[in-house]
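Chains as they are written, first to last, in our numbering: chain C, 7 to 116; chain E, 7 to 116. Don't be surprised by glycine CBs; every beta carbon is placed ideally from N, CA and C. Take a look at the structure below.
Number of protein chains: 2
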Amino acid sequence: MPKYLDEVDAVLRALADPTRRAVVERLAKGPAVVSDLAEPFSMTLPSLLQHLRVLEEAGVVMSEKQGRVRTASLRPGSLDVLHLWLGQQRTPAEHQADRLGIHLTRTKDT
Amino acid sequence: MPKYLDEVDAVLRALADPTRRAVVERLAKGPAVVSDLAEPFSMTLPSLLQHLRVLEEAGVVMSEKQGRVRTASLRPGSLDVLHLWLGQQRTPAEHQADRLGIHLTRTKDT
DNA sequence: GAGATACTTAGGCAAATGCCTAAGTATCTC
DNA sequence: GAGATACTTAGGCATTTGCCTAAGTATCTC
């Protein structure tokens, strides 16, 4: 697997979990201290920290400890690889639609 | 979890697996018959079919059976929700950069 | 209609994942 | 420096995931 695809893999794995996405959504609004980050979840601190570690290893989140407090934040641009990958998975029909400026609406009944 | 987030969840879960991403990459080039789809993978047909089912349930792939042959294809626009979600996870700094037309390069040593 | 094809279903199993409790360790506060 | 804080590490456990083999079922081909 090429180097950039490893990154896509790590990022997608990280984002595949709802808890981790919630963390990302929270951090998109700005940095947060670990305990504050954990507060809204019905989950123990160690569990949430594990999620945070996954996000960090995927390069999506970074964190720094000052004293006994660890502050986490989103790593800017870390999700760009996903946009890139997604862009490559467009069907010929979609490329065609792009050229015509048409927006295809999906038909999915749920 | 709001309705659209369920979709994000399903799509991200589906794309979190390398085999399933490879299938998507293949289908981005055009529809394919199940057995042809399975051929490049060192995996039994039933295993690959399971992946295909996950992709279908996530709405990323659709398939149709004619006779004894099932043809799978990407469902156009199914990945749009991801673009949408990704767009919402931009940091204030990134929004700022957008306005200035600056492309942030990530510093990651590996 | 007998055999080959192309899936499909069912069941099982090992490894990965997500979560928890319990017990640290390092700082901070008084 | 004693107790409170804020993580951190370690270990365990149930569920989910990804994969397999074996045994169907529905076409197609001759």
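Counting C-beta pairs with one atom in each stretch, the segment 31-44 of chain E and the segment 54-63 of chain E have three or more that are closer than 8 Å, which means they touch. In this structure, A16(E) keeps its C-beta atom at 8 Å or more from the C-beta atom of A78(E). For V75(E), the number of other beta carbons within 10 angstroms of its own is below 16, and it is reported as exposed.
For a cut-off of 8 Å, the C-beta gap from V30(C) to V66(C) is around 6 Å, short enough to register as a contact.
Residue contact with chain C for P98(E): present (Cβ-Cβ distance below 8 Å to some residue of chain C). By the Cβ-count criterion, E13(E) is buried, with 16 or more other Cβ atoms from all chains shown falling within 10 Å of its own Cβ. Taking every protein chain shown into account, the CB of S69(E) has 16 or more other CB atoms within 10 angstroms, so this residue is buried. In this structure, DSSP gives V66(C) a state outside helix and strand, which the three-state scheme calls coil. Relative to G83(E), the option among V87(C), K71(C), A99(C) whose CA is nearest is A99(C). Think of a sphere of 7 Å around the beta carbon of A22(E): the chain C residues whose beta carbon falls inside it are L18, R19, A22, in chain order. By the 16-neighbour rule on beta-carbons within 10 angstroms, L85(E) is buried. Collapsing the DSSP output to three states places L85(C) in coil. Checking the DSSP bridge columns, you'll see Q72(E) partnered with V75(E). By the CB criterion at 8 Å, L33(E) and L88(E) fall outside the cutoff.
Taking 8 Å as the CB threshold, H89(C) lines the interface with chain E. Of the residues assessed, Q102(C) falls on the exposed side of the cut-off, its CB having fewer than 16 other CB atoms within 10 angstroms. Look at A38(C) here: in three-state DSSP terms it is strand. Taking the Cβ atoms as the reference, L18(C) lies roughly 6 Å from L18(E), within the contact range of under 8 Å.
For T97(E), the closest C-alpha among the options L21(C), Y10(C), Q94(C), K35(C) is that of K35(C). Residue-level contact by beta carbon holds for E31(C) and chain E, with a gap shorter than 8 Å.
Distance from the CA atom of A20(C) to the CA atom of Q95(C), rounded to whole angstroms, is 20 Å.
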